[in-house]
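*Asks:*
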Amino acid sequence: MKIGIICGSHRDESQSEKIGRYAAAQLEAQKLCDEVFVYSLAGSPLPFWDEGIWAGEARWDDYAGDLLTALKSCDAFVVVTPEWHGMVPSGLKNLFLVANGDGILAHKPALIISVSGGAGGGTYPIAELRMSSYKNSRICYLPEHLIVRNAGSVFNTDDDSNDQESHTYLHGRLIYCLEMLREYALAFQGIRASGKVTLETYTNGM
Ligand SMILES: Cc1cc2nc3c(=O)[nH]c(=O)nc-3n(C[C@H](O)[C@H](O)[C@H](O)COP(=O)(O)O)c2cc1C
160 MKIGIICGSH RDESQSEKIG RYAAAQLEAQ KLCDEVFVYS LAGSPLPFWD EGIWAGEARW
220 DDYAGDLLTA LKSCDAFVVV TPEWHGMVPS GLKNLFLVAN GDGILAHKPA LIISVSGGAG
280 GGTYPIAELR MSSYKNSRIC YLPEHLIVRN AGSVFNTDDD SNDQESHTYL HGRLIYCLEM
340 LREYALAFQG IRASGKVTLE TYTNGM
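The sequence shown: position 151 = 310 (the numbering used here), numbered continuously.
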């Protein structure tokens with residue numbers, strides 16, 4: 160089983176990427192999957208969608224071919240999104256435009272982790288992803304999710320930088336979420352293998 164981790168912040172050295180890489184390390188340490196693929200939007204490596212992608216222009220192969228192949232090979236995802244002005248960053252929304260083909264995200268479970276530097280943020284990106292990123296991609300978000308607030312004080316590799324109470328609680332809850340993601344991923348393999356899943360007839364969701 161392969162799990163893809165998408166780190167949605169455009170910033171270099173973001174808290175979202177820190178937490179995404181922490182989750183990757185836990186997936187490996189707990190032996191919850193065979194392989195982890197981490198993709199970071201730091202520095203905005205993915206151009207904004209344009210119609211050339213629908214026209215099959217070769218330049219889109221250069222921009223995104225390797226990424227789409229890697230995402231296609233994943234059984235499940237962790238989507239880590241910061242809250243930026245109460246929103247999901249545009250680069251992450253763009254990824255959902257680009258990674259929209261059959262077999263890339265469709266009918267694969269995903270855990271949302273939302274990240275806020277403050278004490279009260281992190282809710283809006285969860286609502287936004289649940290409302291607007293699944294319709295055509297057919298990604299399937301777990302009902303469980305993780306909101307990380309005061310992100311600078313948890314999930315640090317230097318344990319002295321962690322607020323021990325928050326870190327211990329969120330670490331335990333992250334492991335629970337990742338264990339659930341694995342169970343969903345196992346079950347969803349059966350759904351994708353059922354022969355019933357195709358985006359040919361109903362390419363776009365209603
Ligand atoms: C452009 C921008 C807008 C932000 N807006 C919010 C916000 O609306 N709510 C919030 O809780 N934090 C906000 N933050 C702070 C982030 O939550 C904080 O940077 C956190 O570390 C997650 O972002 P990161 O993954 O880019 O580090 C904002 C940060 C940036 C760069």
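C-beta: ideal position from N, C-alpha, C; glycine also.
With a 10 Å radius around its C-beta and 16 neighbouring C-beta atoms as the bar for buried, classify Thr362 as buried or exposed.
*Replies:* If you number the sequence shown from 1, residue 362 lands on position 203. Per the 10 Å Cβ criterion, exposed.
*Asks:* If you run the structure through DSSP and keep just helix, strand and coil, what is Phe236?
*Replies:* Counting from one through the sequence shown, the residue named residue 236 turns up at place 77. Note: Phe236 maps to strand in three-state DSSP.
*Asks:* Look at the Cβ atom of Ile298, then the Cβ atom of Ala269, and state whether they are nearer than 9 Å.
*Replies:* Taking the sequence shown and counting its residues from 1, the one referred to as residue 298 is at position 139. Taking the sequence shown and counting its residues from 1, the one referred to as residue 269 is at position 110. Yes, Cβ-Cβ distance for Ile298 and Ala269 is below 9 Å.
*Asks:* Using a 10 Å radius around the Cβ and a threshold of 16 neighbouring Cβ atoms, would you call Asp261 buried or exposed?
*Replies:* The count along the sequence shown starts at 1 and reaches residue 261 at position 102. Asp261 is exposed by the Cβ-count criterion.
*Asks:* Mind checking Ala346: buried by the 16 CB within 10 Å criterion, or exposed?
*Replies:* For the purposes of this step, residue 346 is taken as residue 187 along the sequence shown, with counting starting at 1. Label assigned to Ala346: exposed.
*Asks:* Mind checking whether Ile212 and Ala229 have CB atoms under 9 Å apart?
*Replies:* Reading the sequence shown from its first residue, position 53 is the one you call residue 212. Reading the sequence shown from its first residue, position 70 is the one you call residue 229. Cβ distance not < 9 Å, so Ile212 and Ala229 don't count as in contact.
*Asks:* Assuming Phe236 and Ile162 form a contact by the criterion Cβ under 8 Å, report the distance between their Cβ atoms to the nearest whole angstrom.
*Replies:* Against the sequence shown, residue 236 aligns to sequence position 77. Against the sequence shown, residue 162 aligns to sequence position 3. Correct: roughly 7 Å between the Cβ atoms.
*Asks:* Is the beta carbon of His304 within less than 8 Å of some heavy atom of ligand 3?
*Replies:* What this structure holds is ligand 1, not ligand 3.
*Asks:* Considering only residues of the same chain and omitting the five flanking positions on each side of Tyr293, which have a CB-CB separation below 8 Å?
*Replies:* Translated into positions along the sequence shown, residue 293 becomes position 134. Counting only Cβ-Cβ distances below 8 Å, and skipping sequence neighbours, we find Cys299, Tyr300, Gly364.
*Asks:* In three-state DSSP terms, what is Tyr300?
*Replies:* Here the question's residue 300 lines up with position 141 in the sequence shown. Three-state DSSP puts Tyr300 in a strand.
*Asks:* Is Tyr328 buried or exposed, if buried means 16 or more other CB atoms sit within 10 Å of its CB?
*Replies:* On the sequence shown, position 169 is the one that residue 328 refers to. Label assigned to Tyr328: exposed.
*Asks:* Return the residue from the list Ser296, Asp221, Gly279, Glu338 that minimises the CA-CA distance to Trp243.
*Replies:* Position 84 of the sequence shown, counted from the first residue, corresponds to residue 243. If we check each option's Cα against that of Trp243, Gly279 comes out closest.
*Asks:* Going straight from the alpha carbon of Leu251 to that of Gly354, what length do you get?
*Replies:* The count along the sequence shown starts at 1 and reaches residue 251 at position 92. The count along the sequence shown starts at 1 and reaches residue 354 at position 195. Their Cα atoms are separated by approximately 30 Å.
*Asks:* Using the C-alpha atoms, what's the distance from Thr357 back to Ser320?
*Replies:* As a position in the sequence shown, residue 320 is number 161, starting the count at 1. As a position in the sequence shown, residue 357 is number 198, starting the count at 1. Going by the C-alpha atoms only, they are around 48 Å apart.
*Asks:* So, using beta-carbon positions, are Ile334 and Val239 closer together than 9 Å?
*Replies:* Position 175 of the sequence shown, counted from the start, is the residue given in the question as residue 334. Position 80 of the sequence shown, counted from the start, is the residue given in the question as residue 239. No, the pair does not count as a contact, with Cβ atoms beyond the cut-off.
*Asks:* In the region 181 to 205, which residue ranges form an unbroken beta strand (DSSP E) of at least 3 residues, counting only runs that do not cross its ends?
*Replies:* With a minimum length of 3 residues, the continuous beta strand (DSSP E) runs that stay inside the region 181 to 205 are 194 to 199.
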